[in-house]
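Note that our numbering has the sequence shown beginning at 17, numbered continuously upward.
C-beta atoms are modelled at their ideal positions from N, C-alpha and C, and glycine is treated no differently.
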Amino acid sequence: MMKLAGLMSNGWVRMPLGMLATAAASLLAFHAGQDIAGTVFSNSTAEAAPMVTAAADPANSANPAAMTPAVATPKPDDSPFVVKSILPINEPIKFGKFYWDESRAPATGPLVVTVDLTARVISVFRDGHEIGAAAILKGYGEKPTPTGVFPITQKDADHISNIYDAPMPYMMRLTDDGVAIHGSKVEKGYATNGCVGVPNEFAKNLFNQIKLGDKVIITDGRKMTIGDPILTGEHAS
């Protein structure tokens, strides 16, 4: 972790989902794509199934009822990698602060982590329900945090970096060249050497939940809403 003086003008790092959703409702539901927001999402469902038109029976073509198309009943997507609920965060997340609440999620289920470098926030989903969120530190300049989908390949609660000779508590490795999620001093003006730095207690919670092979999606400005996929294609298996 390195000092990055004057990088941010204040300690607020993200307008959370609850406040964004309230503003979005007045803008035609924010064209169905906004930062995760509890107010909008709490009663939302996944995208409805497409309309299915029944074939007309030529023998009954004179009967208008026989020409009426059948409409499939909309069903929510039960995939564990689709957003089902979010944490009711009603204020921006300050550096060093985090939220952790598993009450809306099932006790077990697939875990997936998202990191938005633009918002500088990490979210943890279990079976599609957000159970944790925090402000992060990220890398800049010659040591940027990479984007992509990364499986957890190693866990070490008491890791010491062999590159920087620095402690990386609750290290969860993402890449072979040393990028990881780990506990950090998450404060204004600091950055990492490409890793995702999170508050130590948040790192401990995530470390205790995540398994080798679980996916971490790092993006630069991606927004999601209820019903949106978290993982798609080959990554959602």
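By the Cβ test, the stretch 125-136 is not in contact with the stretch 172-180, since fewer than three Cβ pairs between them sit closer than 8 Å. Cβ-Cβ distances below 7 Å link A121 to R142, D143, H145 and I147 in the same chain, with the five nearest sequence neighbours on each side left out; the list follows chain order.
Counting only residues of its own chain and dropping the five nearest sequence neighbours on each side, I233 has a CB closer than 6 Å to the CB of T130 and V165.
Closest in alpha carbon position to A196, among D236, I152 and A123, is I152. As DSSP reads the structure, F141 sits in a beta bridge with V128 and E146. In the displayed model, K220 falls within a helix according to three-state DSSP. In the pairwise beta carbon analysis, the stretch 199-211 is classified as touching the stretch 154-172: at least three pairs are separated by under 8 Å. About 5 Å separates the CB atoms of A150 and F218; that is less than 8 Å, so the two are in contact. A135 counts as buried, since at least 16 other C-beta atoms from the protein chains shown sit within 10 angstroms of its C-beta.
Nearest C-alpha to I105 among P183, D193, D117 and V202: D117.
Look at G213 here: in three-state DSSP terms it is strand.
In terms of Cα proximity to Y115, the closest of L222, Y186 and K201 is L222. H251 has its alpha-carbon roughly 15 Å from the corresponding atom of L190. Judged by their CB atoms, K171 and L133 are not nearer to each other than the 8 Å cut-off.
Residue state for G164 is assigned as strand, using DSSP reduced to three classes. Approximately 7 Å separates the beta-carbon atoms of V214 and G199; this is inside 8 Å, confirming the contact.
Around the beta carbon of S101, 16 or more other beta carbons lie within 10 angstroms, which makes this residue buried.
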